[in-house]
Amino acid sequence: MNVPIIDPLQGDFPEVIEEFLQHGNMKCIAFNRRGTLLAAGCVDGSCVIWDFETRGVAKELRDKDCVAPITSVCWSKFGHHILASATDKSLTLWSVLSGEKIARVTLQQTTLLARLHPGSCTPSVCLACPLSSAPILVDLNTGSSTVLPVTMSDVGTGTTHPRNKFSDGSPPFTPTAATFNKCGDLIYVGNSKGEILIVDSKNIRVQAIIPIPGGSVIKNIVFSRNGQYLLTNSNDRVIRVYENLLSQKGAANELEEMSNASPVNEFQGIEKLKAVGSKCLILFREFQDAVTKMQWKAPCFSGDGEWVVGASANKGEHKLYIWDRVGHLVKILEGPKEALTDLAWHPVRPLVVSVSVAGLVYIWAKDYTENWSAFAPDFKELEENEEYIEREDEFDLVPDTEKVKESEINEDDEVDIMTVEKDSTFSDSEASQEELCFLPAIPSPDVPEQQDKYPASLSKLEESTHSGSPFSVEAGQNGQAHPASSPLEAEDAAVNTGVKRKRKPSAKGLELEAEKGRKPPLSKLIKSMGKPSKAKVKLENAQDANDSVLDDAVTDEYI
Numbered sequence: 001m002n003v004p005i006i007d008p009l010q011g012d013f014p015e016v017i018e019e020f021l022q023h024g025n026m027k028c029i030a031f032n033r034r035g036t037l038l039a040a041g042c043v044d045g046s047c048v049i050w051d052f053e054t055r056g057v058a059k060e061l062r063d064k065d066c067v068a069p070i071t072s073v074c075w076s077k078f079g080h081h082i083l084a085s086a087t088d089k090s091l092t093l094w095s096v097l098s099g100e101k102i103a104r105v106t107l108q109q110t111t112l113l114a115r116l117h118p119g120s121c122t123p124s125v126c127l128a129c130p131l132s133s134a135p136i137l138v139d140l141n142t143g144s145s146t147v148l149p150v151t152m153s154d155v156g157t158g159t160t161h162p163r164n165k166f167s168d169g170s171p172p173f174t175p176t177a178a179t180f181n182k183c184g185d186l187i188y189v190g191n192s193k194g195e196i197l198i199v200d201s202k203n204i205r206v207q208a209i210i211p212i213p214g215g216s217v218i219k220n221i222v223f224s225r226n227g228q229y230l231l232t233n234s235n236d237r238v239i240r241v242y243e244n245l246l247s248q249k250g251a252a253n254e255l256e257e258m259s260n261a262s263p264v265n266e267f268q269g270i271e272k273l274k275a276v277g278s279k280c281l282i283l284f285r286e287f288q289d290a291v292t293k294m295q296w297k298a299p300c301f302s303g304d305g306e307w308v309v310g311a312s313a314n315k316g317e318h319k320l321y322i323w324d325r326v327g328h329l330v331k332i333l334e335g336p337k338e339a340l341t342d343l344a345w346h347p348v349r350p351l352v353v354s355v356s357v358a359g360l361v362y363i364w365a366k367d368y369t370e371n372w373s374a375f376a377p378d379f380k381e382l383e384e385n386e387e388y389i390e391r392e393d394e395f396d397l398v399p400d401t402e403k404v405k406e407s408e409i410n411e412d413d414e415v416d417i418m419t420v421e422k423d424s425t426f427s428d429s430e431a432s433q434e435e436l437c438f439l440p441a442i443p444s445p446d447v448p449e450q451q452d453k454y455p456a457s458l459s460k461l462e463e464s465t466h467s468g469s470p471f472s473v474e475a476g477q478n479g480q481a482h483p484a485s486s487p488l489e490a491e492d493a494a495v496n497t498g499v500k501r502k503r504k505p506s507a508k509g510l511e512l513e514a515e516k517g518r519k520p521p522l523s524k525l526i527k528s529m530g531k532p533s534k535a536k537v538k539l540e541n542a543q544d545a546n547d548s549v550l551d552d553a554v555t556d557e558y559i
């Protein structure tokens with residue numbers, strides 16, 4: 001689809017299911033930066049890469065050491081690598097082009113979500129969110145890991161809230177959400193107290209705290225593609241969108257300067273961090289279903305950040321709710337009666353891809369209205385009559401509009417067809433020439449047809465005929481072929497040897513054969529006559545007659 005020709009008045013959000021993808025049992029999905037490739041993690045531990053333009057499987061990544069279900073997949077910035085986390089507590093880094101495993105790290109707990117560092121061309125650091133512990137920064141080259149702080153008690157200040165531990169002192173069974181910012185120099189961590197902690201990814205130090213209204217557990221935290229908005233999904237059934245006030249590049253340095261500013265230095269401890277946080281994020285909108293108060297699953301932004309989509313977390317429902325950034329609910333999409341496990345919006349086009357609990361990937365697209373009116377290209381279809389005012393030179397032989405000067409373009413100049421134009425959709429498109437957008441197609445061999453059907457059956461027939469069994473010897477002595485083991489072999493043998501099959505005699509034929517067997521042979525009858533007779537003359541003159549007629553004639557003459 002050509003993005004510039006999309007009608008902006010129709011709304012760039014999907015409306016119907018256009019197609020579905022099926023390959024094994026898929027559980028999680030992720031687009032590359034351009035939206036040309038779609039990665040899906042399967043239950044059997046493999047990762048399938050779909051060519052989203054042709055909707056065909058481009059490559060399958062499979063590790064013999066990993067047969068556990070995949071929990072998340074993540075692309076590197078330029079699409080050359082894929083990081084997959086599985087339920088066997090492993091993190092695997094793949095090379096997309098070669099299909100080889102680069103690194104594999106095993107953690108102490110199952111990772112629900114894993115994200116590669118977005119600012120690195122050769123990814124070696126990833127952010128892992130385990131099932132029931134704090135997020136971890138993992139070095140994929142060395143296997144070392146660093147636990148991120150989720151509360152101020154983790155960094156030696158403040159006290160631990162009673163909800164953060166069970167009665168026995170063990171950590172709570174609450175997944176913690178975390179994500180990188182656009183450049184990867186800051187990490188935004190959402191904890192079970194309803195707080196967003198901004199952590200420096202280099203020195204692992206909390207720089208700011210933003211409390212969430214209601215103080216509910218934060219289940220998801222997602223940045224928009226351009227990094228200007230932050231989305232949180234809390235346990236209080238509300239999706240909140242925050243506006244990011246920090247700059248896109250150098251946010252860590254800006255945050256450090258903000259912490260040392262004179263107005264903030266008046267506060268100490270947590271109050272100082274909250275004062276800094278108030279200058280980093282500001283609440284922009286809240287989305288919820290005021291009637292049903294349902295829980296949300298896998299919320300995310302559209303590619304341009306103008307739309308917000310969230311899925312119903314109810315079992316047996318495949319519903320998608322789409323809001324505009326102002327806060328209006330614009331569309332409710334109802335799919336099959338299957339629960340939803342993951343959701344992703346296409347980076348450029350108005351497409352949404354969802355994964356059902358049955359392992360199918362559904363593609364939601366816009367339902368465009370087609371106009372098949374047979375008008376000339378310069379005609380415009382009118383809804384009602386309009387008054388038309390002709391131009392002054394409209395019916396002149398040579399209109400003034402055609403009296404234009406010839407363009408001064410030199411037709412002999414060479415046209416540059418090799419330089420790739422920068423895409424305004426991507427802010428850092430100048431560095432995208434190294435990006436892997438498509439995979440080379442590897443044609444699968446066709447299934448060979450059974451062209452050697454007859455030779456194979458003929459060889460079987462010959463083997464059975466020339467075998468040393470008593471039946472084959474006896475059949476050869478009697479001048480009969482060994483019976484074929486199947487009707488197909490008998491037919492094949494007849495075709496290859498050029499022998500016509502003998503038809504089964506009819507009932508009348510059997511009667512004639514039986515009557516012919518009871519009569520003496522014709523040669524014996526002639527010899528027994530002893531002297532020439534009229535019968536012999538009749539026999540010589542009737543050689544071409546029917547055998548049964550001759551036998552009757554000879555018998556009557558002899559008698």
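In the UniProt record's numbering, the protein residues as written are 1 to 559.
Ideal Cβ placement from N, Cα and C applies to all residues, glycine included.
These numbers come from a predicted model, not from an experiment.
Boundaries (first-last residue) of the beta strand (DSSP E) holding residue i
i, result
"Met258", "No beta strand (DSSP E) contains Met258, which is instead part of the alpha helix (DSSP H) from Ala251 to Ser259."
"Leu93", "Ser90 to Ser95"
"Cys300", "Trp296 to Phe301"
"Lys315", "Note, Lys315: premise wrong, no beta strand (DSSP E); not H, not E."
"Ser354", "Val352 to Ser356"
"Pro14", "Per DSSP, Pro14 belongs to no beta strand (DSSP E) and is neither H nor E."
"Asp51", "Cys47 to Asp51"
"Val361", "Val361 to Ala365"
"Ser145", "Ser145 to Val147"
"Gly41", "Leu37 to Cys42"
"Arg104", "Lys101 to Thr106"
Residue range of the unbroken alpha helix (DSSP H) whose run includes residue i
i, result
"Asn265", "Ser262 to Asn265"
"Leu273", "Ile270 to Gly277"
Residue i classed as buried or exposed, judged by whether at least 16 other C-beta atoms fall within 10 angstroms
i, result
"Val199", "buried"
"Met418", "exposed"
"Pro14", "buried"
"Pro374", "A small fix is needed here, since residue 374 is Ala in this sequence, not Pro. Exposed."
"Phe223", "buried"
"Ser98", "exposed"
"Ile196", "buried"
"Arg225", "buried"
"Leu140", "buried"
"Pro455", "Confidence at Pro455 is low in this model, with a pLDDT of 46, below 50, so its placement is unreliable and no value can be given for it."
"Ile389", "exposed"
Cutoff 8 angstroms: residue i Cβ touching any chain B Cβ
i, result
"Gln248", "In summary, chain B is missing from the structure at hand, where a single protein chain is found."
Secondary structure of residue i, DSSP reduced to three states
i, result
"Met152", "helix"
"Leu246", "coil"
"Glu434", "helix"
"Leu320", "strand"
"Leu512", "helix"
"Glu19", "strand"
"Met418", "coil"
"Pro336", "coil"
"His117", "coil"
"Arg62", "coil"
"Leu329", "strand"
"Tyr388", "coil"
"Phe395", "coil"
"Phe471", "Bear in mind that a pLDDT of 40 at Phe471, under 50, signals an unreliable position, so the number given afterwards is only what the model happens to contain. Helix at Phe471."
"Asp342", "strand"
"Phe78", "coil"
"Leu83", "strand"
"Val67", "coil"
"Arg33", "coil"
"Cys280", "coil"
"Lys380", "coil"
"Val125", "strand"
"Phe287", "strand"
"Pro135", "coil"
"Val348", "coil"
"Leu112", "strand"
Segments assigned beta strand (DSSP E), at least 3 residues, entirely inside the stretch 166-242: 177-180, 186-190, 195-200, 206-211, 218-223 and 229-234
Meets three-Cβ-pair contact criterion under 8 angstroms: the stretch 229-241 and the stretch 255-270: no
The stretch 340-356 touching the stretch 18-29, judged by at least three CB pairs closer than 8 angstroms: yes
Any 3 or more C-beta pairs closer than 8 angstroms across the stretch 144-154 and the stretch 61-81: no
The stretch 177-185 in contact with the stretch 124-135 per 3-pair CB rule at 8 angstroms: yes
At least 3 beta-carbon pairs within less than 8 angstroms: the stretch 273-292 vs the stretch 234-249: yes
Cβ contact check for the stretch 270-283 and the stretch 206-215: 3 or more pairs under 8 angstroms: yes
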